[in-house]
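Here's the structure we're looking at; comments come further down.
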Amino acid sequence: MVTDWIGWHRDYDDPGSSLARRLVVVREHLARALAEFPGEVRVISLCAGDGRDVLPVLARYPGPARATLAELNPGLAQRAREAARELDLTGVDVRTGDAGLAGTYLDAAPAHIVTTCGVFGNISEADAARTIAALPALLHPGGVVVWTRGHGGIGPDPSDALRACFDRNGFEEVAFTRPDDARFRVGVHRLNAAPQPVATLAGRRLFSFAR
Numbered sequence: 001m002v003t004d005w006i007g008w009h010r011d012y013d014d015p016g017s018s019l020a021r022r023l024v025v026v027r028e029h030l031a032r033a034l035a036e037f038p039g040e041v042r043v044i045s046l047c048a049g050d051g052r053d054v055l056p057v058l059a060r061y062p063g064p065a066r067a068t069l070a071e072l073n074p075g076l077a078q079r080a081r082e083a084a085r086e087l088d089l090t091g092v093d094v095r096t097g098d099a100g101l102a103g104t105y106l107d108a109a110p111a112h113i114v115t116t117c118g119v120f121g122n123i124s125e126a127d128a129a130r131t132i133a134a135l136p137a138l139l140h141p142g143g144v145v146v147w148t149r150g151h152g153g154i155g156p157d158p159s160d161a162l163r164a165c166f167d168r169n170g171f172e173e174v175a176f177t178r179p180d181d182a183r184f185r186v187g188v189h190r191l192n193a194a195p196q197p198v199a200t201l202a203g204r205r206l207f208s209f210a211r
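The end of the sequence shown is residue 211 by my numbering, with every number in the run present.
Shown next, in the form of structure tokens:
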């Protein structure tokens with residue numbers, strides 16, 4: 001069964017939903033990350049949806065910012081473009097394309113911030129590990145990743161494996177939110193290791209959605 005991603009986004013309209021609560025946390029972490037970088041800030045958002053996690057935060061950011069949003073669903077990508085126009089965000093480039101293919105946004109790298117919200121819960125563990133290992137090639141030194149993962153409530157928390165994978169790939173954990181009464185997790189990791197050459201990702205597929 002193919003997920004109706006536009007329908008999935010309707011949960012944001014319920015302020016008490018896990019998705020709406022997650023959105024608040026993501027925006028808070030993103031705002032803090034933006035404040036860390038002087039000068040023009042560059043952001044890449046993978047599987048950006050309608051951009052509601054990134055765009056309102058950029059609209060409040062006092063400095064210059066450029067953002068590349070990659071979203072495969074044409075309807076959601078168009079919503080993101082419309083939102084960017086309404087917010088007068090002239091530095092936003094919304095691309096209708098597969099975020100699993102690095103070439104969709106590779107020319108926007110290196111970025112100061114990469115968001116992978118709503119990604120890791122929809123791909124395999126192997127793809128998640130491959131994606132995390134590739135992130136240093138998308139980032140400036142000291143760049144930050146804001147990511148999310150859900151937990152079905154049965155068995156080990158998959159976010160713990162992701163945190164360990166970030167550690168193995170030269171990242172330091174900056175923040176991690178795991179509510180006691182919700183199944184979403186939000187992590188923030190900073191790249192401490194030397195960035196990799198952007199060219200190492202040319203032509204590569206990092207992940208494919210399982211549904």
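Beta carbons: idealized from backbone N, C-alpha and C, even for Gly.
With a threshold of 16 other CB atoms inside 10 Å of the CB of residue i, please say whether the residue is buried or exposed.
{"i": "residue 35", "result": "exposed"}
{"i": "residue 194", "result": "exposed"}
{"i": "residue 154", "result": "exposed"}
{"i": "residue 75", "result": "exposed"}
{"i": "residue 79", "result": "buried"}
{"i": "residue 103", "result": "exposed"}
Kindly give me the distance between the Cβ atoms of residue i and residue j, rounded to whole angstroms, as I take these residues to be in contact under 8 Å.
{"i": "residue 190", "j": "residue 171", "result": "6 Å"}
{"i": "residue 60", "j": "residue 91", "result": "Actually they are not in contact, since the Cβ atoms of residue 60 and residue 91 sit about 14 Å apart, beyond 8 Å."}
{"i": "residue 137", "j": "residue 200", "result": "5 Å"}
{"i": "residue 131", "j": "residue 116", "result": "7 Å"}
{"i": "residue 57", "j": "residue 30", "result": "5 Å"}
{"i": "residue 162", "j": "residue 120", "result": "6 Å"}
{"i": "residue 177", "j": "residue 24", "result": "Between residue 24 and residue 177 the Cβ distance is about 10 Å, and since that is not below 8 Å, they are no contact."}
Would you tell me roughly how many angstroms separate the C-alpha atoms of residue i and residue j, rounded to the nearest one?
{"i": "residue 39", "j": "residue 64", "result": "7 Å"}
{"i": "residue 152", "j": "residue 146", "result": "21 Å"}
{"i": "residue 118", "j": "residue 129", "result": "15 Å"}
{"i": "residue 77", "j": "residue 181", "result": "32 Å"}
{"i": "residue 32", "j": "residue 114", "result": "14 Å"}
{"i": "residue 84", "j": "residue 43", "result": "14 Å"}
{"i": "residue 212", "j": "residue 101", "result": "As displayed, the chain neither begins before 1 nor continues past 211, which places residue 212 out of reach and without an answer."}
{"i": "residue 198", "j": "residue 133", "result": "13 Å"}
{"i": "residue 87", "j": "residue 204", "result": "33 Å"}
{"i": "residue 21", "j": "residue 186", "result": "11 Å"}
{"i": "residue 106", "j": "residue 183", "result": "32 Å"}
{"i": "residue 54", "j": "residue 160", "result": "25 Å"}
{"i": "residue 81", "j": "residue 89", "result": "9 Å"}
{"i": "residue 192", "j": "residue 13", "result": "37 Å"}
{"i": "residue 1", "j": "residue 174", "result": "Interpretation of residue 1 is limited by its pLDDT of 47, a score under 50 that renders its predicted location unreliable; the figure taken from the coordinates is listed afterwards. Those two C-alpha atoms are separated by around 36 Å."}
{"i": "residue 93", "j": "residue 45", "result": "10 Å"}
{"i": "residue 202", "j": "residue 111", "result": "16 Å"}
{"i": "residue 99", "j": "residue 49", "result": "11 Å"}
{"i": "residue 165", "j": "residue 96", "result": "29 Å"}
{"i": "residue 108", "j": "residue 124", "result": "26 Å"}
{"i": "residue 139", "j": "residue 51", "result": "20 Å"}
When DSSP labels each residue in this structure, what does residue i get in the three-state scheme?
{"i": "residue 115", "result": "strand"}
{"i": "residue 120", "result": "helix"}
{"i": "residue 141", "result": "strand"}
{"i": "residue 173", "result": "strand"}
{"i": "residue 220", "result": "Summary: the structure shown does not reach residue 220, with the chain confined to residues 1 through 211, and so no result is reported for it."}
{"i": "residue 29", "result": "helix"}
{"i": "residue 54", "result": "coil"}
{"i": "residue 204", "result": "coil"}
{"i": "residue 135", "result": "helix"}
{"i": "residue 106", "result": "helix"}
{"i": "residue 101", "result": "strand"}
{"i": "residue 74", "result": "helix"}
Per the DSSP calculation, residue i is bridged to which residue(s)?
{"i": "residue 44", "result": "68 and 114"}
{"i": "residue 94", "result": "69"}
{"i": "residue 187", "result": "147 and 176"}
{"i": "residue 79", "result": "Per DSSP, none; premise fails for residue 79."}
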